[in-house]
Amino acid sequence: MNKEARAQNGESAEDSDSDLINEQLTGNIHKIAIVPPNFCGKPKKGHLIFDACFECGNLGRVDYISDLEYDLFIRPDTCNARFRIWFNFTVENVKQEQRVIFNIVNFSKSKSLYREGMSPLVKSTSRPKWQRIPAKNVFYYRCPEHKRNYVMSFVFCFDVEDDVYQFSYSFPYSYTKLQNYLQILDNRGLDYYERELLALSVQQRRLDLLTISDSELKQNMQKKRKLVIITARVHPGETPSSYVCQGLIEFLVSPHPIAKVLREHIIFKIIPMLNPDGVYLGNYRFF
Ligand SMILES: [Zn+2]
Numbered sequence: 164m165n166k167e168a169r170a171q172n173g174e175s176a177e178d179s180d181s182d183l184i185n186e187q188l189t190g191n192i193h194k195i196a197i198v199p200p201n202f203c204g205k206p207k208k209g210h211l212i213f214d215a216c217f218e219c220g221n222l223g224r225v226d227y228i229s230d231l232e233y234d235l236f237i238r239p240d241t242c243n244a245r246f247r248i249w250f251n252f253t254v255e256n257v258k259q260e261q262r263v264i265f266n267i268v269n270f271s272k273s274k275s276l277y278r279e280g281m282s283p284l285v286k287s288t289s290r291p292k293w294q295r296i297p298a299k300n301v302f303y304y305r306c307p308e309h310k311r312n313y314v315m316s317f318v319f320c321f322d323v324e325d326d327v328y329q330f331s332y333s334f335p336y337s338y339t340k341l342q343n344y345l346q347i348l349d350n351r352g353l354d355y356y357e358r359e360l361l362a363l364s365v366q367q368r369r370l371d372l373l374t375i376s377d378s379e380l381k382q383n384m385q386k387k388r389k390l391v392i393i394t395a396r397v398h399p400g401e402t403p404s405s406y407v408c409q410g411l412i413e414f415l416v417s418p419h420p421i422a423k424v425l426r427e428h429i430i431f432k433i434i435p436m437l438n439p440d441g442v443y444l445g446n447y448r449f450f
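Okay, structure coming up:
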């Protein structure tokens, strides 16, 4: 952010306490058009409209720096402002060939895979498959101009005018996606798979407990079987664990000979989503 822009935002270079702003970011932005300062009237094409009011969405605030550059703020975890990592938001009302720099300016983590070549994901209405933004366009650094916060900057060119673009920290895996998958599993009517409601979360979402094992009737009752407990998504931002967990479930219920032997000898207890509220809300680490 340049000096003039900082002044417009009422910030001073001496203002080094970043906790205050993070505590003020309590909700996701909802279809906000970011227009130049002193602009009046209806947003024009190219005045980007940001939105994060959807499941797993996270974006707390956007500041206009120039037509080319925007400062973006992650909305901290619902009950703990110290954690700011996960983001997931949409951008629309773009102009053909519009080039932008997005600075995500309030990361709470010094070490990030963004420093090791990972890059954020993007998809759009006409290309619904997630793709990585080329790593050469992504920069993660400690920024003196942003109160020495960790900042991730990336450049992007919008190429299809009517598309809605979505950007995300990593591949999202929502509470709804899990519920849909478990519904499909239920419908398969497997006799070695069982799903129970372990508890309801604070916000009344399901905590599912799956048991995968050959049923007792088929077993020699004398034989003691080992119990293996698997849990995933205690930290909502760690979405890869959900994909691993779904893959593991898929294997364990499959007709593969190894899966069969495992079901004969082991009782698997799986809690595929330990923190459904945090996942739903788009948090990183906590509820
Ligand atoms: Zn974790």
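The opening position of the sequence shown corresponds to residue 164 in the numbering used here, with each subsequent residue numbered one higher. Backbone N, C-alpha and C define an ideal beta-carbon position, used for all residues, glycine too. A quick note: this is a predicted structure, and the numbers were derived from the prediction, not measured.
Determine the burial state of residue i: buried for a count of at least 16 other Cβ atoms within 10 Å of its Cβ, exposed for fewer.
i, result
"Leu390", "exposed"
"Cys203", "exposed"
"His193", "exposed"
"Cys242", "exposed"
"Ile421", "exposed"
"Met164", "Confidence at Met164 is low in this model, with a pLDDT of 41, below 50, so the placement of that residue is unreliable and no value is reported for it."
Considering only C-alpha positions, which residue in the set the options is nearest to residue i?
i, options, result
"Phe330", "Leu353, Leu361, Pro307 and Phe319", "Phe319"
"Glu413", "Arg396, Arg351, Phe450 and Asn438", "Arg351"
"Arg448", "Arg238, Tyr304, His193 and Trp293", "Arg238"
"Leu211", "Asp240, Leu353, Phe321 and Tyr303", "Phe321"
"Val442", "Pro335, Ala422 and Arg426", "Pro335"
"Gln366", "Arg262, Asp440 and Arg358", "Asp440"
"Lys310", "Ile267, Gly410, Asn191 and Leu444", "Ile267"
"Tyr332", "Glu186, Tyr356, Leu411 and Cys219", "Cys219"
"Phe252", "Val225, Asp240 and Pro307", "Val225"
"Ala298", "Arg290, Pro307, Tyr277 and Lys286", "Tyr277"
"Tyr328", "Ser289, His428 and Ser271", "Ser289"
"Tyr304", "Ile296, Met315 and Ser287", "Met315"
"Gln261", "Phe450, Leu411, Arg368 and Asp325", "Asp325"
Looking only at its chain, what residues have a beta carbon closer than 8 angstroms to the beta carbon of residue i, apart from the 5 residues adjacent to it on each side?
i, result
"Lys432", "Leu372, Leu373, Thr374, Leu390, Val391, Ile392 and Ile393"
"Val424", "none"
"Met436", "Tyr338, Leu341, Leu370, Asp371, Ala395, Arg396, Ser405 and Val442"
"Gly190", "Gly223 and Arg238"
"Asp354", "Ser378"
Residues in the same chain with beta-carbon distance under 6 angstroms from residue i, minus the five sequence neighbours each way, listed in chain order, please.
i, result
"Lys258", "Lys208 and Gly209"
"Pro206", "Ala196 and Val198"
"Ile430", "Ser376, Arg388 and Leu390"
Who pairs with residue i in a beta bridge, going by DSSP?
i, result
"Met436", "Its beta-bridge partners do not exist; DSSP assigns none."
"Ser275", "DSSP, once it has assigned bridges, lists no residue as partnering Ser275."
"Asn251", "Asn221 and Ser331"
Return the chain-ordered list of same chain residues with a C-beta closer than 7 angstroms to the C-beta of residue i, the five sequence neighbours on each side being excluded.
i, result
"Ser273", "Tyr313"
"Asn185", "Pro239, Ala244, Arg247 and Asn269"
"Glu359", "Leu372"
Touching or not, the segment 281-292 and the segment 341-355, by the rule of three or more beta carbon pairs under 8 angstroms?
-> The segment 281-292 vs the segment 341-355: no contact.
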